[in-house]
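Enquirer: Right, I'll just put the structure down here and ask away after.
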């Protein structure tokens, strides 16, 4: 069906030469970013007013959190729907819908978005900061992530890639080193997707804190996917070529555009929160793109801020169980700095700076080999 649509638009392009520009990925990247932003901004106030009326008291605020957060009571959540709507429209219009990587990443994003929506809905209706149980979320994430991992491996097996690349882990800074772990790679891929989804979810605790680093990570992976998908660039940089992965640059651009549109309303003081609807979906999208481009370990650098946020929670919980004491004043770590007296805006902007530096460091691995 989609191939027939492609042929139809190809015929139209013959009559209108200007439309030939759409065949270039760089043009479609710009169009996807603009489209996603316009969709998110257009939803804007009407969507926020509608969802506020539906949710009533909005997202519950943690009782043990910083006192300054009490002023946010009544702010609606599920703003991730604005981002996902922008991504969906942009990818449908400007992405190559015959590309399997587009479908795999879109499937993970949509499934995790549905899971996040269910979690947000449970929180709002029960008026508690605890929605679905951790076991319920992990089980659902595992099913989706394993399916995505299997589909990625199967498709790469049919693609003209390096022998064994589909089940191997590539290492940053090293040119030709691959660790082939066979079908255990599916478990590794699932861990990457699930881990990063939850890491972004834990980071989403302050106005604008998660969405801007997500946009930075998406920008970095937009460049990575474009380069690994192009044989000439991949050969020059000595990275593993993944045919078709370049199309994910369209998806990354859509994340950036949707994120900008959402940030227009999420900037302090936020009119709407992203919620698990957005954070789980965006984290899953980044994780699945890292798997598709064979840059799973580089994701740990590009998204290092999210890794630190997740690690702070694990360290806090583990240390408390062992000793009955806390290392941080509060976890995730952004709340620790709030408890130290940093204003929320200071925490957010400084974390943005760290995220930008880590994204650049991740991109540097492409050349430092």
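Residue numbers (my numbering): 9 to 377. The beta carbon of each residue, even a glycine, is placed where N, CA and C say it ideally should be. Predicted model only: the values in this text are computed from it and were never measured.
If distances are taken between C-alpha atoms only, which option among 210, 130, 195 comes closest to residue 341?
Expert: 210
Enquirer: Pull up the distance between the alpha-carbon of residue 344 and that of residue 276, whole angstroms please.
Expert: 19 Å
Enquirer: Residue 244 to residue 370, Cα distance in whole Å?
Expert: Taking the straight line from one Cα to the other gives about 18 Å.
Enquirer: Write down the C-beta distance between residue 282 and residue 274 rounded to the nearest angstrom, noting that I regard them as a contact closer than 8 Å.
Expert: 7 Å
Enquirer: Relative to the C-alpha of residue 48, which candidate in 300, 278, 270 has its C-alpha closest?
Expert: 270
Enquirer: What residue from 87, 227, 124, 168 has the CA that sits closest to residue 367's CA?
Expert: That would be 227, whose Cα lies nearest to the Cα of residue 367.
Enquirer: In three-state terms, what does DSSP make of residue 167?
Expert: Looking at residue 167 - three-state DSSP - the assignment turns out to be coil, as it is neither helix nor strand.
Enquirer: Report the option in 133, 289, 85 whose CA atom is closest to the CA atom of residue 149.
Expert: Per the Cα distances, 289.
Enquirer: Helix, strand or coil, according to DSSP, for residue 371 in the structure here?
Expert: helix
Enquirer: Note down, one range per segment and in chain order, each alpha helix (DSSP H) of at least 4 residues found wholly within the stretch 223-259.
Expert: Listed in chain order, the complete alpha helix (DSSP H) runs (minimum 4 residues) inside the stretch 223-259 are 239-245.
Enquirer: Could you have a look at residue 335 and say whether DSSP puts it in helix, strand or coil?
Expert: coil
Enquirer: Given 8 Å as the limit, is there contact between the stretch 236-243 and the stretch 160-171, that is, 3 or more CB pairs closer than that?
Expert: no
Enquirer: Checking 9 Å against the spacing of the C-beta atoms, do residue 34 and residue 97 come in under that value?
Expert: no
Enquirer: Between which residues of its own chain and residue 213 is the CB-CB distance below 7 Å, once the five residues before and five after are set aside?
Expert: Here the set comprises 340, 342, 343.
Enquirer: Rank 51, 109, 346 by C-alpha distance to the C-alpha of residue 86 and give the top, closest one.
Expert: 51
Enquirer: Run through the DSSP bridge pairs and tell me what residue 177 is partnered with.
Expert: In the DSSP output, where bridge partners are listed per residue, residue 177 has 187.
Enquirer: Secondary structure at residue 279, three-state DSSP: helix, strand or coil?
Expert: Residue 279 falls in the coil class under three-state DSSP.
Enquirer: Taking one C-beta from the stretch 120-137 and one from the stretch 169-185 each time, how about it: are there three or more such pairs within less than 8 Å?
Expert: Verdict: no, contact absent.
Enquirer: Within a Cβ cutoff of 6 Å, which residues of the same chain sit near residue 119, ignoring the five residues on either side of it in sequence?
Expert: 152
Enquirer: Please report how far the alpha carbon of residue 357 lies from the alpha carbon of residue 203, in whole angstroms.
Expert: 24 Å
Enquirer: Tell me which same chain residues have a C-beta within less than 8 Å of the C-beta of residue 108, skipping the five on either side of it?
Expert: Only 159, 163, 252 meet the Cβ criterion.
Enquirer: Between residue 116 and residue 262, is the Cβ-Cβ spacing less than 9 Å?
Expert: No.
Enquirer: From residue 185 to residue 248, what does the alpha carbon distance come to, in whole angstroms?
Expert: 10 Å
Enquirer: When the Cα atoms are used, what is the spatial distance from residue 329 to residue 222?
Expert: 31 Å
Enquirer: Assuming residue 287 contacts residue 113 (C-beta within less than 8 Å), just tell me the rounded distance between them.
Expert: At roughly 16 Å, the Cβ-Cβ gap does not stay under 8 Å, so residue 287 and residue 113 are not in contact.
Enquirer: What is the DSSP secondary structure of residue 453, reduced to helix, strand or coil?
Expert: This structure does not reach residue 453, given that the chain is present from 9 up to 377, and the question cannot be answered.
Enquirer: Just the Cα atoms here: how many angstroms apart are residue 9 and residue 166?
Expert: Because residue 9 sits at a pLDDT of 47, beneath the cut-off of 50, its placement in the model cannot be relied upon, and the following sentence gives the value as read from the coordinates. Spanning the two alpha carbons is a distance of roughly 22 Å.
Enquirer: Distance, Cα to Cα, residue 141 vs residue 192?
Expert: Looking at the backbone, the Cα of residue 141 and that of residue 192 are separated by about 27 Å.
Enquirer: Determine the closest residue to residue 207 out of 231, 264, 284, 92, with distance taken between C-alpha atoms.
Expert: Closest by alpha carbon: 284.
Enquirer: Around the Cβ of residue 220, are there at least 16 other Cβ atoms within 10 angstroms (buried) or fewer (exposed)?
Expert: buried
Enquirer: Does the separation of the CB atoms of residue 310 and residue 156 fall below 9 Å?
Expert: Against a cut-off of 9 Å, the Cβ pair of residue 156 and residue 310 comes out as no contact.
Enquirer: Can you grab the Cα-Cα spacing for the pair residue 39 / residue 56, in whole Å?
Expert: Distance between the alpha carbons of residue 39 and residue 56 is about 25 Å.
Enquirer: From residue 335 to residue 319, what does the alpha carbon distance come to, in whole angstroms?
Expert: 12 Å
Enquirer: Does the distance from the C-beta atom of residue 103 to that of residue 258 stay below 9 Å?
Expert: yes
Enquirer: Have a look at 198, 62, 315 and flag the residue whose alpha-carbon is nearest the alpha-carbon of residue 225.
Expert: Nearest C-alpha to residue 225: 315.
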